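Residue numbers (full-length UniProt numbering): 1 to 368.
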């Protein structure tokens, strides 16, 4: 005899399992936050340089905690609560948490591709579509207070085609992000460092989230009952948030460790901390103001009457996804005019014509 998934006794049994499952997920979410608290505090206290994607990182974790908290309140209430508010809170945090996780990984992929338009425009469009699909689910979920069980009992969820569409699209977006990032990083996989880290974490993120999203999609497609339709919904959010924020922390930890080591090793010359030891060449009075050519690289900037030339790449720490550490030679000038990279004479205005180290650092390793 086939099981009657809509039998009240069966649904009560599944609801009890669901309540215990959510408590376990709450413990996992709290454990993840507590074990990574030193990293969070290093940002809050200013020990780590603030970068705007960190806002998404903190928001993502907050959405996860609020989502699990709403479920725990609902499933462990001791008196009647406002079911509409609880359902809305759990739905909005689920939407924001899932979409933010995808955006964090999309930003990483965009950075790996050096923000070229043919990559970031399609990814931005796909992220917008994901948000729109999630918004369509907001008006369907309904629950009522059950005085016997003291819980907001789920009455209905989104239509099955919409649920399948939302989770199927999320799986597709994660797959596209994984492929784009892996293709770019595959070329530098043998150099170690951050490229290998991003490739490894990207594959791990995709596999883990694909499994939980696939299970959720299958349950939604089976449409056994209102509870089974969302049985693993909290787990998909917790897994997605933990996976994406772990990738985020690994990238920034490796980048900051490299930057600290590099400054200690090469930042003692009295010049900009982003350069290696500097050789200074001074031309005598009346000498030519045209800068000498050092091979194919002719990038230079001008400050206080000195031309700073980027020469050959020097050996440094492991490869950071395409960022090079170059040796710099400063040339003091006697005249205000100099030739630029196109061999045209410019007048020195005391400003820099190339990116500063901080600007270059924003692209390090395909990080954020």
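Even glycine gets a Cβ: it sits at the ideal position worked out from N, Cα and C. Note that the coordinates shown come from a computational prediction; the quantities given were computed from them, not determined experimentally.
Handout entry: residue 134, enclosing beta strand (DSSP E) - first and last residue
Key = Taking the first residue of the chain shown as position 1, residue 134 is located at position 134. Taken as a continuous stretch (DSSP letters only), residue 134 belongs to no beta strand (DSSP E), being part of the alpha helix (DSSP H) at 117-136.
Problem - Opening and closing residue of the alpha helix (DSSP H) in which residue 13 lies - result: Indexing the chain shown from 1 puts residue 13 at position 13. Residue 13 -> alpha helix (DSSP H) spans 8-35.
Handout entry: Run of the beta strand (DSSP E) containing residue 158, from where it starts to where it stops
Key = Residue 158 sits at position 158 when you count from the first residue of the chain shown. Counting along the chain, residue 158 sits inside no beta strand (DSSP E), nor does DSSP assign it H or E at all.
Exercise for the section: Would you kindly work out how many angstroms separate the C-alpha atoms of residue 182 and residue 202, rounded to a whole number? Expected result: Position 182 of the chain shown holds residue 182. Position 202 of the chain shown holds residue 202. Taken atom to atom, the span from the alpha-carbon of residue 182 to that of residue 202 is near 7 Å.
Handout entry: Simplified DSSP state of residue 142, which is helix, strand or coil
Key = For the purposes of this step, residue 142 is taken as the residue at position 142 of the chain shown. Correct three-state label for residue 142: strand.
Handout entry: Sequence-distant residues of the same chain with beta carbon closer than 7 Å to residue 90, five excluded per side
Key = For the purposes of this step, residue 90 is identified with residue 90 of the chain shown, where counting begins at 1. Within the same chain, residue 90 has close Cβ partners 67, 70 and 71.
Practice task
From the DSSP output, in three-state form, read off residue 151 for me.
Solution key: To locate residue 151, count along the chain shown from 1; it is residue 151. For residue 151, the secondary structure class from DSSP, reduced to helix, strand or coil, is strand.
Handout entry: Beta-carbon proximity list for residue 8, same chain, < 8 Å, skipping 5 on both sides
Key = Position 8 of the chain shown, counted from the start, is the residue given in the question as residue 8. None.
Problem - For residue 82, three-class secondary structure by DSSP - result: Counting from 1 along the chain shown, the entry for residue 82 is found at position 82. Coil at residue 82, not helix or strand.
Exercise for the section: Please name the residue, chosen from 3, 224, 234 and 12, that lies closest to residue 148 on a Cα-to-Cα basis. Expected result: Mapped onto the chain shown, residue 148 falls at position 148. Answer by Cα proximity: 12.
Problem - Distance, residue 50 Cα to residue 33 Cα - result: If you number the chain shown from 1, residue 33 lands on position 33. If you number the chain shown from 1, residue 50 lands on position 50. The straight-line gap from Cα to Cα measures roughly 19 Å.
Practice task
Count the other CB atoms, across all protein chains shown, that sit within 10 Å of the CB of residue 38; report buried if there are 16 or more and exposed otherwise.
Solution key: Numbered from 1 along the chain shown, position 38 holds the residue referred to as residue 38. Looking at its Cβ environment, which holds fewer than 16 other Cβ atoms inside 10 Å, residue 38 is exposed.
Handout entry: DSSP three-state assignment for residue 232, whether helix, strand or coil
Key = One-based indexing of the chain shown puts residue 232 at position 232. Collapsing the DSSP output to three states places residue 232 in coil.
Handout entry: C-alpha distance - residue 168 paired with residue 150, whole-angstrom precision
Key = Counting from one through the chain shown, the residue named residue 168 turns up at place 168. Counting from one through the chain shown, the residue named residue 150 turns up at place 150. Distance from the CA of residue 168 to the CA of residue 150, rounded to the nearest whole angstrom, comes to 34 Å.
Exercise for the section: Report buried or exposed for residue 130, applying the criterion of at least 16 other Cβ atoms within 10 angstroms of its Cβ. Expected result: On the chain shown, residue 130 is found 130 positions in, with the first residue counted as 1. That one is buried.
Exercise for the section: Under 8 Å by Cβ, that's how I've got residue 61 and residue 208 pegged, so tell me the actual separation to the nearest angstrom. Expected result: Position 61 of the chain shown, counting from 1, holds the residue named residue 61. Position 208 of the chain shown, counting from 1, holds the residue named residue 208. Not confirmed; about 17 Å, so no contact.
Practice task
Check whether the Cβ of residue 184 sits closer than 6 Å to any heavy atom of the ligand GDP, and report yes or no.
Solution key: Among the ligands in the structure shown, none appear at all, so the ligand GDP cannot be discussed.
Practice task
May I ask you to verify whether the stretch 243-251 touches the stretch 210-221, counting CB pairs closer than 8 Å and requiring at least 3?
Solution key: Because the criterion of three Cβ pairs below 8 Å is not met, the stretch 243-251 and the stretch 210-221 do not touch.
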